[in-house]
Each structure stands twice: as C-alpha cells, then as structure tokens.
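Take a look at the structure below.
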Amino acid sequence: MNTTRLWWPAAALMLGGASLLGALSAHAAYNPPIHMANGIEYMSGGVSSDEAALMETVAPRWPATFEFAVKDGSRSDFAADVAVTVRDAGGRTVLSQVTAQGPFMVARLEPGRYEVEATLGGRTLKQTVEIHPGSPTRTLFLWPPGTDVSAHS
Numbered sequence: 342m343n344t345t346r347l348w349w350p351a352a353a354l355m356l357g358g359a360s361l362l363g364a365l366s367a368h369a370a371y372n373p374p375i376h377m378a379n380g381i382e383y384m385s386g387g388v389s390s391d392e393a394a395l396m397e398t399v400a401p402r403w404p405a406t407f408e409f410a411v412k413d414g415s416r417s418d419f420a421a422d423v424a425v426t427v428r429d430a431g432g433r434t435v436l437s438q439v440t441a442q443g444p445f446m447v448a449r450l451e452p453g454r455y456e457v458e459a460t461l462g463g464r465t466l467k468q469t470v471e472i473h474p475g476s477p478t479r480t481l482f483l484w485p486p487g488t489d490v491s492a493h494s
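Residue numbers (the working numbering): 342 to 494.
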C-alpha cells in the first residue's frame with residue numbers, strides 16, 4: 342500500500358478544514374451586538390457587506406425589521422446613525438431615541454400596533470407598523486434626496 346497516496350487527501354482535508362474555521366471565525370467578527378432597552382431586544386448594523394449579509398440572514402427571525410435609506414436619483418443609498426423611537430398603540434414609548442448604527446435594525450417587538458419614528462439629518466419619518474405572531478414585518482424608511490446624512494440626528 343502506498344502511504345504517500347493516502348497522505349495527500351488527508352492533508353487536503355486538514356487544510357480545507359482549517360480554511361473553513363478561519364472563515365467562520367472571521368465571519369463571527371462582524372456580528373453586531375444585541376442591545377436591550379425597556380425589555381426590548383434590538384440589533385442594528387449592515388454598514389459593511391458582511392454585516393449587511395448577516396442582517397439580511399437574521400431578519401426573518403425577528404418580529405420587526407427596519408431598513409433606512411436616502412433616495413439619490415434613480416437609486417437609494419443606505420443610511421446609518423438613525424435615531425429610532427417606537428411607541429405602542431397606547432402611546433407608551435418602548436424604544437426611545439436608540440441609534441441604528443447601520444441601514445438595518447431588527448427588534449423583538451410583541452404582537453401589536455406601533456408608531457415608529459426614524460430621524461436622520463433633522464428629518465423625521467413616521468410609519469405605523471403592525472406586528473403579527475410568527476409573521477416578520479419589514480418596513481422601509483426612505484428619506485428624500487438632499488437629506489443631510491452627515492448631520493447627527
């Protein structure tokens with residue numbers, strides 16, 4: 342039996358496994374932290390392409406996903422550093438001026454109706470969002486051209 346022939350496939354498997362582990366650990370470095378405010382978990386991110394891919398992947402597992410963009414001619418640019426406030430149907434603030442640090446924000450909101458305010462560059466957009474059990478909701482906040490994304494909300 343030729344041991345050299347068996348050694349090459351084993352070496353290739355080990356090298357491939359090491360590469361996979363390296364890629365997985367590099368991917369883990371892009372996980373944005375989960376925050377909590379008033380008992381509501383939320384996470385935001387998506388500035389880098391890896392982080393955006395992660396946010397797109399996890400979004401269906403969260404009841405509410407908010408996406409932030411600024412209209413720029415025929416296309417839209419992602420927005421970050423958006424101040425987000427969420428009020429329940431009774432007007433009680435459940436998230437107050439939390440900063441979405443990327444173009445995506447996910448939140449574990451209980452089923453019900455919410456008013457969501459998103460502020461970017463001094464301009465506030467409001468939308469009513471309905472959360473249904475087991476059915477994730479996605480809401481786009483799209484600011485008009487000329488919104489000053491460099492101004493802090």
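Glycine included, each C-beta is placed from N, C-alpha and C at the ideal position.
Rounded separation between residue i and residue j - CA only
| i | j | result |
| --- | --- | --- |
| PHE409 | THR478 | 14 Å |
| PHE445 | GLY432 | 24 Å |
| GLU392 | TRP403 | 16 Å |
| LEU461 | GLY475 | 30 Å |
| THR488 | ARG416 | 14 Å |
| MET377 | GLU451 | 14 Å |
| THR480 | PHE407 | 5 Å |
| ASN379 | GLY443 | 21 Å |
| LEU466 | LEU483 | 8 Å |
| ARG449 | ASP418 | 26 Å |
| ALA420 | ALA459 | 11 Å |
6 Å CB neighbourhood of residue i in its chain, flanking five on each side removed
| i | result |
| --- | --- |
| VAL427 | VAL435, LEU436, TYR455, VAL457 |
| MET396 | GLY386, GLY387, PHE445 |
| GLN468 | VAL457, THR480 |
Contacts around residue i, its chain only, beta-carbon distance under 7 Å, and the 5 residues preceding and following it disregarded
| i | result |
| --- | --- |
| GLY453 | ASP429, ALA430, ILE472 |
| ASP413 | PRO486 |
Beta-carbon proximity of residue i to residue j, cut-off 8 Å
| i | j | result |
| --- | --- | --- |
| SER385 | PRO401 | no |
| VAL423 | ALA441 | yes |
| TYR383 | VAL470 | no |
| VAL490 | VAL425 | no |
Extent of the continuous beta strand (DSSP E) to which residue i belongs
| i | result |
| --- | --- |
| LEU466 | 464-472 |
| GLY453 | 453-461 |
| SER437 | 434-441 |
| VAL425 | 423-429 |
| ARG449 | Segment: none, ARG449 is in no beta strand (DSSP E) and carries neither H nor E. |
Beta-carbon proximity list for residue i, same chain, < 8 Å, skipping 5 on both sides
| i | result |
| --- | --- |
| LEU362 | Annotation note: pLDDT 48 at LEU362 (below 50); position unreliable, coordinate value reported separately. Hits under 8 Å: none found. |
| VAL399 | MET384, VAL447 |
| ILE375 | GLU382, TYR383, MET384 |
Residue-level contact to chain D via CB, residue i, 8 Å cutoff
| i | result |
| --- | --- |
| PRO477 | Of the chains in the structure shown, none is chain D; there is only one protein chain. |
Runs of 3 residues minimum, wholly inside the stretch 360-420: which ones carry the beta strand (DSSP E) assignment? 375-378, 381-386, 405-413, 416-419
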